[in-house]
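Protein chains: 2
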Amino acid sequence: MNEKLSMQDLGRLSSDEFKAINKNKIILVLDNVRSLNNVGSAFRTADAFLIEEIYICGVTGIPPKPEIEKTALGATATVFWKYFKTTQLALEELKLNNYFIASVEQAKNSIKLNQFQKPLQPIALVFGNEVYGVEQEIINQSDVCLEIPQFGTKHSFNVSVSMGIVLWELLR
Amino acid sequence: MNEKLSMQDLGRLSSDEFKAINKNKIILVLDNVRSLNNVGSAFRTADAFLIEEIYICGVTGIPPKPEIEKTALGATATVFWKYFKTTQLALEELKLNNYFIASVEQAKNSIKLNQFQKPLQPIALVFGNEVYGVEQEIINQSDVCLEIPQFGTKHSFNVSVSMGIVLWELLR
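Listed in order, the protein sequences are those of chains A and E.
In case it helps, numbering that gives the first Met the number 0 puts the first sequence at residues 0 to 171.
In case it helps, numbering that gives the first Met the number 0 puts the second sequence at residues 0 to 171.
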């Protein structure tokens with residue numbers, strides 16, 4: 000029988016081990032994400048993929064909040080995060096620290112996710128507002144726009160789903 | 000300037016075009032998924048990836064429902080779906096139609112998603128309840144368990160995020 004694994008079998012990290020371990024050099028930038036559900040999901044996904052930090056910008060909600068915890072399931076206590084009043088300020092800090100800025104957005108010159116060559120620099124992945132996407136001024140200052148190819152009738156993926164897909168592609 | 004693309008620029012399918020077009024031979028099976036948010040997200044992601052059909056099983060909610068629409072954003076009108084009283088009944092129909100059954104679950108003999116060799120048969124991907132995962136009897140009848148490798152402190156990914164990651168990996 001192919002038994003399901005218990006939490007113990009899975010041998011997950013403790014909160015302290017997580018904080019001490021070497022992370023993937025990827026920072027998630029939440030550019031005015033409106034849904035607290037999506038913020039919580041960012042934390043949960045960032046925990047699973049050992050992401051360095053989450054930069055929470057503008058109107059994006061910050062922990063602690065019950066609606067964030069509902070999807071974060073405690074990952075707000077493990078994943079590092081920092082709040083910036085504007086995404087512009089976050090970008091300035093990232094550029095100062097030599098991060099490659101990749102906005103996840105469907106734009107004129109965007110690169111398909113499966114054709115993206117990972118740079119040697121650390122990467123900042125910018126995810127935008129559920130309705131307006133990443134701000135145009137932020138795109139103008141990005142090194143690249145990454146697009147997840149899609150073939151149906153809708154405009155885009157849910158932000159939480161996009162984060163999962165892009166992180167998986169970069170780390171698989 | 001790297002301008003964002005409008006819905007018109009993106010050239011998405013119309014609802015009628017979507018229904019008529021050849022789909023990817025993948026069926027999503029929702030095995031007692033409790034959150035209507037996750038059901039809606041399944042529809043939205045299935046639309047983007049041109050998925051053949053969604054099999055909705057057991058206690059999983061069916062459209063139309065406002066909480067499903069909140070995340071489906073209309074994709075319940077494009078993606079085909081069918082309801083089964085139990086996941087067992089869905090599996091019987093899938094096996095009759097020669098589908099390869101892959102349960103997305105962390106189990107003793109699960110295969111890491113990045114090491115999975117896609118079969119030639121059409122594929123049914125089973126996603127389980129948010130707390131209990133895929134039912135053990137369903138796993139026992141599956142051809143394989145697929146596991147998304149994860150490295151943090153939490154037990155698992157959100158169901159919506161898992162669906163995005165697994166579909167991207169199979170179709171990228």
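For each residue, glycine too, the CB sits at the ideal point set by N, CA and C.
Note that the structure is a prediction, hence the values are computed from the model and not measured.
* Where does Ile164 of chain A fall in DSSP's three states? -> As a first step, residue 164 of chain A is located in the first sequence; it is residue number 165 there, counting from the start. It is helical.
* Measure the alpha-carbon distance for Ser109 of chain A versus Leu166 of chain E and round it to whole angstroms. => As a working note, residue 109 of chain A is residue 110 in the first sequence. As a working note, residue 166 of chain E is residue 167 in the second sequence. Each residue's alpha carbon lies about 21 Å from the other.
* Asked: Can you list, in chain order, the residues of its chain whose CB lies under 6 Å from that of Val58 of chain E, leaving out five sequence neighbours each side?
  -> Walking along the second sequence from the start, residue 58 of chain E turns up at place 59. If we look at Val58 of chain E and ignore the five residues flanking it on each side, its Cβ neighbours are Asn31.
* **Closer than 8 Å to chain E by CB, Cys191 of chain A** => Lying before the first or after the last residue shown, residue 191 of chain A is absent from chain A, which here runs from 0 to 171.
* 8 Å contact criterion, which Thr70 of chain A and Ser40 of chain A should meet: CB distance rounded -> Position 71 of the first sequence, counted from the start, is the residue given in the question as residue 70 of chain A. Position 41 of the first sequence, counted from the start, is the residue given in the question as residue 40 of chain A. About 5 Å separates the two Cβ atoms, so the contact holds.
* Minimum C-alpha distance to Leu191 of chain E - residue among E:Val130, E:Ala123, E:Pro148 and E:Thr44 -> With chain E covering only 0 through 171, there is no way to say anything about residue 191 of chain E.
* If we count the other Cβ atoms within 10 Å of its Cβ and call it buried at 16 or more, is Ile20 of chain E buried or exposed? -> Residue numbering aside, residue 20 of chain E sits at position 21 when the second sequence is read from its first letter. Answer is exposed; the Cβ neighbour count stays below 16.
* Asked: If you count every other CB in all the chains shown that lies within 10 Å of the CB of Asn97 of chain A, and 16 or more means buried, which is it?
  -> Counting from one through the first sequence, the residue named residue 97 of chain A turns up at place 98. Exposed: under 16 other Cβ atoms inside 10 Å.
* Give the residues from the stretch 129-145 of chain A that approach chain E closer than 7 Å (Cβ to any Cβ), ordered along the chain. => Gly132, Gln135, Ile138, Asn139 and Cys144
* To do: List the endpoints of the continuous alpha helix (DSSP H) containing Ala71 of chain E.
  => Taking the second sequence and counting its residues from 1, one reaches residue 71 of chain E at position 72. Counting along the chain, the alpha helix (DSSP H) containing Ala71 of chain E begins and ends at Pro65 to Ala71.
* To do: Quick one: list the residues of chain E neighbouring Asn96 of chain A, beta-carbon separation under 9 Å, in chain order.
  => For the purposes of this step, residue 96 of chain A is taken as the residue at position 97 of the first sequence. Under the 9 Å cutoff, chain E gives no residues; its nearest Cβ is about 23 Å from Asn96 of chain A.
* How is the beta strand (DSSP E) around Leu188 of chain E delimited, first residue to last? -> Within the shown structure, residues of chain E are numbered from 0 to 171, placing residue 188 of chain E beyond reach of any answer.
* To do: Express the C-alpha separation of Asn23 of chain A and Leu49 of chain A in angstroms, rounding to a whole number.
  => For the purposes of this step, residue 49 of chain A is taken as residue 50 along the first sequence, with counting starting at 1. For the purposes of this step, residue 23 of chain A is taken as residue 24 along the first sequence, with counting starting at 1. Roughly 6 Å separates the two Cα atoms.
* To do: Let me know the beta strand (DSSP E) ranges lying completely inside the stretch 11-45 of chain A, each 3 residues or longer, listed in chain order.
  => 23-30
* Closest by C-alpha distance to Ser161 of chain A, when choosing among A:Pro118, A:Asn128 and A:Glu92 -> Numbered from its first residue, the first sequence carries residue 161 of chain A at position 162. Of A:Pro118, A:Asn128 and A:Glu92, the residue nearest in Cα terms is A:Asn128.
* **Runs of alpha helix (DSSP H) wholly within the stretch 70-143 of chain E (minimum 4 residues, chain order)** => 86-95 and 135-139
* **Contact set between Phe164 of chain E and chain A, taken where Cβ atoms lie within less than 7 Å** => On the second sequence, residue 164 of chain E is found 165 positions in, with the first residue counted as 1. In the sequence under discussion, the amino acid at residue 164 of chain E is Ile, which differs from the Phe named in the question. Chain A residues near Ile164 of chain E: Gly163, Ile164 and Trp167.
* Say whether chain E places a C-beta atom closer than 8 Å to the C-beta of Ala101 of chain A. => For the purposes of this step, residue 101 of chain A is taken as residue 102 along the first sequence, with counting starting at 1. Output row for Ala101 of chain A: interface = no.
* **C-beta neighbour in chain A for Leu27 of chain E, strict 8 Å** => As a first step, residue 27 of chain E is located in the second sequence; it is residue number 28 there, counting from the start. No, Leu27 of chain E lies away from the interface with chain A (no Cβ there is under 8 Å from its Cβ).
* By Cβ distance below 6 Å, which residues in the same chain neighbour Pro118 of chain A in space, the five residues on each side in sequence not counted? -> For this step, residue 118 of chain A is matched to residue 119 along the first sequence. If we look at Pro118 of chain A and ignore the five residues flanking it on each side, its Cβ neighbours are Phe99.
* Minimum Cβ-Cβ distance from Leu33 of chain A to chain E less than 8 Å -> Walking along the first sequence from the start, residue 33 of chain A turns up at place 34. Per the sequence shown, residue 33 of chain A should be read as Arg rather than Leu. Closer than 8 Å: no.
* Asked: Should Leu35 of chain A go down as buried or exposed, given a rule of 16 or more other Cβ atoms within 10 Å for buried?
  -> Numbered from its first residue, the first sequence carries residue 35 of chain A at position 36. Counting Cβ neighbours within 10 Å, Leu35 of chain A comes out buried, since at least 16 surround it.
* Taking Cβ positions only, does Glu68 of chain E come closer than 8 Å to chain A? -> Within the second sequence, the letter at position 69 stands for residue 68 of chain E. Judged by the 8 Å Cβ criterion, Glu68 of chain E is not in contact with chain A.
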